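Residue 1 is where the sequence shown starts when you use this note's numbering, and the numbers rise one by one after that.
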Amino acid sequence: MKGFRKGRGLRDCRAIPGVERGFTLFELLIVLVIIGLMSAVIVPALGHSIENSELRAATRDVASIFRFARSRAVSEKSPYVAIYSEEERRLVLFSEALLDLYSQQRDKEYELQPRPACIYEFPRGIRLQRVAEEGGAEEGRTDLEEESGLEIIRFFPTGASSGGIYAILAPGGRQAMISVDAITGIVDIS
Numbered sequence: 001m002k003g004f005r006k007g008r009g010l011r012d013c014r015a016i017p018g019v020e021r022g023f024t025l026f027e028l029l030i031v032l033v034i035i036g037l038m039s040a041v042i043v044p045a046l047g048h049s050i051e052n053s054e055l056r057a058a059t060r061d062v063a064s065i066f067r068f069a070r071s072r073a074v075s076e077k078s079p080y081v082a083i084y085s086e087e088e089r090r091l092v093l094f095s096e097a098l099l100d101l102y103s104q105q106r107d108k109e110y111e112l113q114p115r116p117a118c119i120y121e122f123p124r125g126i127r128l129q130r131v132a133e134e135g136g137a138e139e140g141r142t143d144l145e146e147e148s149g150l151e152i153i154r155f156f157p158t159g160a161s162s163g164g165i166y167a168i169l170a171p172g173g174r175q176a177m178i179s180v181d182a183i184t185g186i187v188d189i190s
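Have a look at this one:
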């Protein structure tokens, strides 16, 4: 047998040419400690980026629903409303003709007839809040909004809207802003 000499134990195998040496337990423990420290720093950072991506996605979704509402109002020549319920954590979009029907049926277990144009369920912990009316006044709020705590955004056949500035709020004080111009109905994310 080439490379093996009588009287030598396994301890001396590493000195034999062609036999590779492995890692010691101490070296493996050091690598595991380094991996543990790196994951302790990286994992929380990934958690924040996931939360931020949920906030950005919710903001884009709500802005898209507002744009869709404006588009439907103009194309169908009929006012559309987007209603946000804090209690249900959802945004519902339909023709304004169905507004009374919605306000009467929203506490019932059955689905609205006819169906809304769109229903958006907010992710856990994310919500919508009106920050200001167009021009900063609270004059545009209806009795239904005051009594029920609903946020109602109207889009008219002319392309105009009830306007306002809305915050998409996430846990930890993070937020994104959506502005809806009252004259043009243009929706902008800031």
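Idealized CB from N, CA, C, for every residue including glycine. Since the model is a prediction, treat every value here as computed from it, not as a measurement.
- Looking only at E87, G172, I30 and S78, the smallest Cα-Cα distance to S95 is reached by S78.
- In this structure, the CA atom of A63 is about 7 Å from the CA atom of I189.
- Per the DSSP secondary-structure output, E121 pairs in a beta bridge with R90.
- As the crow flies, the alpha-carbon of P116 is around 32 Å from that of G172.
- Linking G149 to I183 through their CA atoms gives a straight-line distance of about 25 Å.
- Counting every other CB atom within 10 Å of its CB across the protein chains shown gives R124 a total below 16, marking it as exposed.
- For V131, the closest C-alpha among the options I35, M177, V74 and F122 is that of M177.
- The Cβ atoms of L128 and L93 do not sit closer than 8 Å to each other.
- Here S85 carries a strand assignment [DSSP, helix/strand/coil].
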